[in-house]
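Colleague:
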Amino acid sequence: MHGQLGFNDHNTPVFPTRMMKDGVWVLAALLAAVAGWTDWRSRRIPNWLTISGLCVGIAANSLAWGLRGTKDALLGAGLGLALLLPLVLIRSLGGGDWKLAGAVGAFTGPHHLISVLVFSALVAGVMAVILIIWKKRVMQTLRNIAHMLGAFATLHLPGTEVTLDNPESLKVPFGIAMAIAVILYSAGQLLA
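Next comes the structure, spelled out in structure tokens:
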């Protein structure tokens, strides 16, 4: 039965493990690419995409790894949602980005998710620097940073001019950063 779709007596998959692992990473990259594209085009990531991504991530890992895969997918989804919830609550991250992290976690599981999120933050940082330079806002950004550091050093909140709700503040679409990170991380996993 080696190489065929099915389960043995211990409810463990008996088909090529590498093929299933690669399939999960390809699906994760596909979800991320579509999410990044929609975030680029409309500055939002729709619920139909994140919820279906979550379901496919859980199903793919369950099919590939059985009960262990289901557990890893659920833990990854929960971890992605838990880690980014504070950023949603302070309105520095949108709900679509947050739900995308949960869906990506369903594909990657908790162990890989941490690396993907750190990589996403690094990509977002590079995107922010490029955006600041492109929009010629370097001096304003440095003043804002100095203002925020001064406020925190004196245990005060920064003023409204340095909030994320300011319509003039530059915003990096995190869904695009996460898409780039997931695609590159998935490629690394496929080549490993």
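Residue numbers are given in this note's numbering: position 100 of the sequence shown equals residue 83, and the series is strictly consecutive. All C-beta atoms in this analysis are idealised placements derived from N, C-alpha and C, irrespective of residue type, glycine included.
By the DSSP assignment, the alpha helix (DSSP H) with V165 in it spans what residues?
Modeller: Residue numbering aside, residue 165 sits at position 182 when the sequence shown is read from its first letter. Looking at the DSSP string, the run of the alpha helix (DSSP H) that includes V165 is 157 to 174.
Colleague: According to DSSP, is T124 part of a helix, a strand, or is it coil?
Modeller: Within the sequence shown, the letter at position 141 stands for residue 124. Correct three-state label for T124: helix.
Colleague: So, helix, strand or coil for T53, using DSSP?
Modeller: If you number the sequence shown from 1, residue 53 lands on position 70. Helix.
Colleague: So what's T33 in DSSP terms, helix, strand or just coil?
Modeller: To locate residue 33, count along the sequence shown from 1; it is residue 50. DSSP places T33 in helix when its eight states are reduced to three.
Colleague: Could you tell me which whole alpha helix (DSSP H) segments of length 4 or greater appear in the stretch 77 to 124?
Modeller: If we require 4 residues or more, the alpha helix (DSSP H) runs fully inside the stretch 77 to 124 come out as 78 to 117.
Colleague: Could you tell me how far apart the beta carbons of N44 and A60 are, in whole angstroms, since I believe they sit closer than 8 Å?
Modeller: Looking up residue 44 in the sequence shown gives position 61. Looking up residue 60 in the sequence shown gives position 77. Contact doesn't hold; Cβ gap of about 10 Å is too wide.
Colleague: Evaluate T137 with the Cβ neighbour count: other Cβ atoms within 10 Å of its Cβ, from every protein chain shown; 16 or more gives buried, anything less gives exposed.
Modeller: Indexing the sequence shown from 1 puts residue 137 at position 154. Exposed, because fewer than 16 other Cβ atoms sit within 10 Å of the Cβ of T137.
Colleague: May I have the straight-line CA-CA distance separating A111 from K154, to the nearest angstrom?
Modeller: In the sequence shown, residue 111 corresponds to position 128, counting from 1. In the sequence shown, residue 154 corresponds to position 171, counting from 1. Cα-Cα distance, rounded: 8 Å.
Colleague: Determine the closest residue to K4 out of A42, A18, G19, with distance taken between C-alpha atoms.
Modeller: On the sequence shown, residue 4 is found 21 positions in, with the first residue counted as 1. Closest option to K4, Cα to Cα, is A42.
Colleague: Alpha carbon to alpha carbon, how far is W8 from A170?
Modeller: Mapped onto the sequence shown, residue 8 falls at position 25. Mapped onto the sequence shown, residue 170 falls at position 187. In a straight line, the C-alpha of W8 is about 8 Å away from that of A170.
Colleague: Consult DSSP for R1 and reduce its assignment to one of helix, strand or coil.
Modeller: Here residue 1 refers to the residue found at position 18 of the sequence shown. Helix.
Colleague: So which of H139, L100, G108, G78 has the shortest CA-CA distance to V87?
Modeller: Indexing the sequence shown from 1 puts residue 87 at position 104. Selected option, being the one with the closest Cα: L100.
Colleague: In angstroms with no decimal places, state the Cα-to-Cα distance between V109 and A47.
Modeller: Counting from 1 along the sequence shown, the entry for residue 109 is found at position 126. Counting from 1 along the sequence shown, the entry for residue 47 is found at position 64. When rounded, the distance between both Cα atoms is 35 Å.
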